[in-house]
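Scroll down for the structure; my scribbles are underneath it.
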Amino acid sequence: MLNFSDISIRRGTRLLFEHATFNLYRGEKVGITGENGSGKSTLLALVRGEVAPETGSFDMPGNLAVAHVAQELSATDQLAIEFVLDGDVELRAVEQQIAAAEAADDGHRLAELYGHYDAIGGYHARSRAATLLHGLGFTTRDEQRTVREFSGGWRVRLNVAKALMCRSDLLLLDEPTNHLDLDAVLWLEQWLKDYRGTLLLIAHDRDFLDQVCNRIVNIEQGRIDVYRGNYSDFEEARAARLAQTQALYERQQREIEHIESFINRFRAKASKARQAQSRIKALERMQRIAPAHVDSEFTFSFPEPYKLPRPLLTLEDQSVGYGDVPLVEKINFTISPGARIALLGHNGAGKSTVIKLLAGELPALGGERVEARDLRIGYFAQHQLEQLKEAESPLQHLRELGGPAAAKATEQELRDFLGTFGFRGDRVFEPIGPFSGGEKARLVLALLTYLRPNLLLLDEPTNHLDLEMRQALALALQDYLGAVVMVSHDRHLLRTVIDEFYLVADGRAKPFDGDLDDYAKWAATNPREVVEKPAKAGKAPRAPAAPRKSASALKTELVRLDKQLVKLHEQQKDIEQQLSAADIYDASNKTRLRDLLHRQDALKRELDAAETRWLEVSELLQSSKEPN
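Residues in the sequence shown are numbered from 6 upward in steps of one, following this note's numbering.
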């Protein structure tokens, strides 16, 4: 379906990849991997028709509906639900045609258009858009908020929802899990597994790639290789290929060494001159094998903390929230060196709020906090990336924020330290404004590492980090002597680092007796009901969560909905009978036809809303019966 033939592409003067030939087929779920800057996003841009190859050609069927996530979203006054609905281009086109037919009072055209509207799922489109928004962490109230009310990370989620709304044959996703929490990642993972079209996915989350993809396109050293299977299969096959390549390279090097030795020994001897020249020509004709490239051994470590008091921090019956309204109450933590804790819970339950409480960024509304005298906190959060000074270099940031140790250190010592985080050469002197999100995240990690904390608080530390950096972070955290409390959607990081989980739910933070698989089951059977809305920075106060309906109230509502659905179905059947009459399409019945079509449209919307609510109430009633 997608044919890449002898493709070569440059970015500026740099060759990204060359002579790439491969095919991708309908229905495949393809993960695109490679280090940052290797050309992954450029490959997607080629598919979108935004770049042209230097050599070769790319072909795909012209009738494919292609969806992709826009890189930016302007702040507008459009409602979130309407913005997402715009993703279904055909739906919007039919709606415009219906409006034009109504204006022209064209009953026959209206009947035709309403039939098409029904065929493409128009009556369920709003419900589908709401489902996408809910799955990505938005509340029902958020549907009616304007785009400009959401922060940058939440606008990214809106763009993802809009792309998923498109009834596409080919879906292109570039790092869709950035800015998502674990619940949203799990939901998106399942949605993509159920997606029937062809998927091209760039991701740095190996668990996500494993679950979703059945083919891997890897860009490395200017070449593209295609592997069957998921990411784990790719790693195994690639390791075997690299080992074979390295063995062939070493064998060839021994052969070259032998030939060169012969040439050097006998070039000057007349009796051997012809043989020497023959071997020179053989060397010239030899197709040299490049040494196998193994992943850059990018590593870093957290320096040993100055002191490791025990315990580091104790919270007793603390509450935290915004204004006077507690979001999480009766928080009890005793954190000692070596602790590895992760916070789980639905979006908006208060995980980041608890992290802010631990960091001292939010005051407690009650309870007691006891800090060790030598407590040093290193706090990583996404807002810290935004607080970096774009006009300053990594070296300047380290000088200013690295404390007394940085003030005393030589420039070379600081450069050597930054080099362990990938900032080498002149890169340490460059303003960070043009840096990628991954580079800025690395810089923040470097800054907090330099301070030698004994308690690390990490709120989604892997956003924007590539696979290599994520692995380096996991290894560094495993060897770190201090304590770690983390919120992350990266399951590989959680599995390889974390020893204990706390569940933030129902206004509490309690130990969770289970692993990530157990949490996925819990999340599936405990749907979000009331969640914290994604407000702009600075808009903190939140209303208290509405109390759950009792089981008896849910049963009463379910009976009412059953009666309503029966009534609506009867009305729908009556209208369909009237529309089946032969004379209804006569010119004399034009007004009546229009009224019937309008009523049919309204009924379908009512039915959709009632059926959706019936399902919600049924799920809530079922969950209320299950033992906690």
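Glycine included, C-beta positions come from ideal geometry on N, C-alpha and C.
Query	Result
Simplified DSSP assignment, three categories, for Phe517	strand
Check whether Tyr455 and Phe422 have beta carbons under 9 angstroms apart	yes
Residues of its chain near Arg618, where Cβ-Cβ distance is below 7 angstroms and the 5 sequence neighbours each way are ignored	Leu566
Cβ-Cβ distance between Ala488 and Arg345 below 9 angstroms	yes
Local conformation of Glu77 per DSSP, three classes	coil
Range covered by the beta strand (DSSP E) that runs through Leu487	Going by the sequence as given, residue 487 is Gly instead of Leu. Here Gly487 belongs to no beta strand (DSSP E), and DSSP marks it neither H nor E.
Straight-line gap, Pro539 to Val449 (C-alpha atoms, nearest Å)	Any reading at Pro539 must be qualified, since the residue scores a pLDDT of 39, below 50, and its modelled position is unreliable; the value itself is stated next. Near 24 angstroms, if we compare the C-alpha coordinates of Val449 and Pro539.
Beta bridge counterpart(s) of Tyr327 as assigned by DSSP	Val330
Residue range of the unbroken alpha helix (DSSP H) whose run includes Phe63	No alpha helix (DSSP H) holds Phe63; the beta strand (DSSP E) holding it covers Thr60 to Asp64.
Own chain residues within Cβ distance below 6 angstroms of Glu562, not counting five before or after	Val622
Three-way DSSP call (helix, strand, coil) for Glu376 in this model	strand
Among Ala607, Leu570, Asp522 and Leu601, nearest to Ala615 - alpha-carbon criterion	Leu570
Integer-rounded CB distance, given that Leu20 should sit under 8 angstroms from Gly353	Incorrect: roughly 46 angstroms between the Cβ atoms, too far for contact.
With 16 other Cβ atoms within 10 Å as the buried cut-off, status of Asp591	exposed
Three-state class that DSSP yields for Val71 in the structure shown	strand
Proximity to Arg246 [Cα-Cα], best of Val231, Leu206 and Lys413	Val231
Segment limits, alpha helix (DSSP H) that includes Glu505	Taken as a continuous stretch (DSSP letters only), Glu505 belongs to no alpha helix (DSSP H), being part of the beta strand (DSSP E) at Glu505 to Ala510.
Tyr128 in three-state terms, based on DSSP	helix
Residues that DSSP places opposite Asp588 in a beta bridge	Asp588 pairs with nothing; no bridge assigned.
Simplified DSSP state of Tyr455, which is helix, strand or coil	helix
Buried or exposed (CB count within 10 angstroms, at least 16 for buried), His24	exposed
Given Gly372 as reference, the closest of Leu320, Ser156 and Glu416 once Cα atoms are compared	Leu320
DSSP beta-bridge partners of Thr203	Leu175
Completely contained beta strand (DSSP E) runs for the stretch 375-447, where each covers 3 or more residues	382-385
Helix, strand or coil at Asn269 [DSSP, three-state]	helix
Contact belief for Arg153 with Thr81 at Cβ below 8 angstroms, rounded distance in angstroms	6 angstroms
Span of the alpha helix (DSSP H), counted from its first residue to its last, around Val161	Gly157 to Met170
Buried versus exposed call for His209 [16 or more other C-beta atoms within 10 Å across all chains shown]	buried
The stretch 108-118 contacting the stretch 182-191, beta-carbon criterion three pairs below 8 angstroms	no
Helix, strand or coil at Ile146 according to DSSP, with G and I counted as helix	Looking at the sequence shown, residue 146 is not Ile but Arg. In this structure, Arg146 counts as helix in the three-state DSSP scheme.
Rounded straight-line distance, which links the Cα of Ala72 to that of Gln483	40 angstroms
Rounded C-alpha distance that separates Asn337 from Glu418	41 angstroms
Closest by C-alpha distance to Val359, when choosing among Pro342, Pro466 and Lys335	Lys335
Reference Phe239, options Glu255, Val333 and Asn219, closest by Cα	Asn219
Whether Val330 touches Leu367 by CB criterion (9 angstroms)	no
Between the CA atoms of Gln101 and Gln392 - distance to the nearest angstrom	44 angstroms
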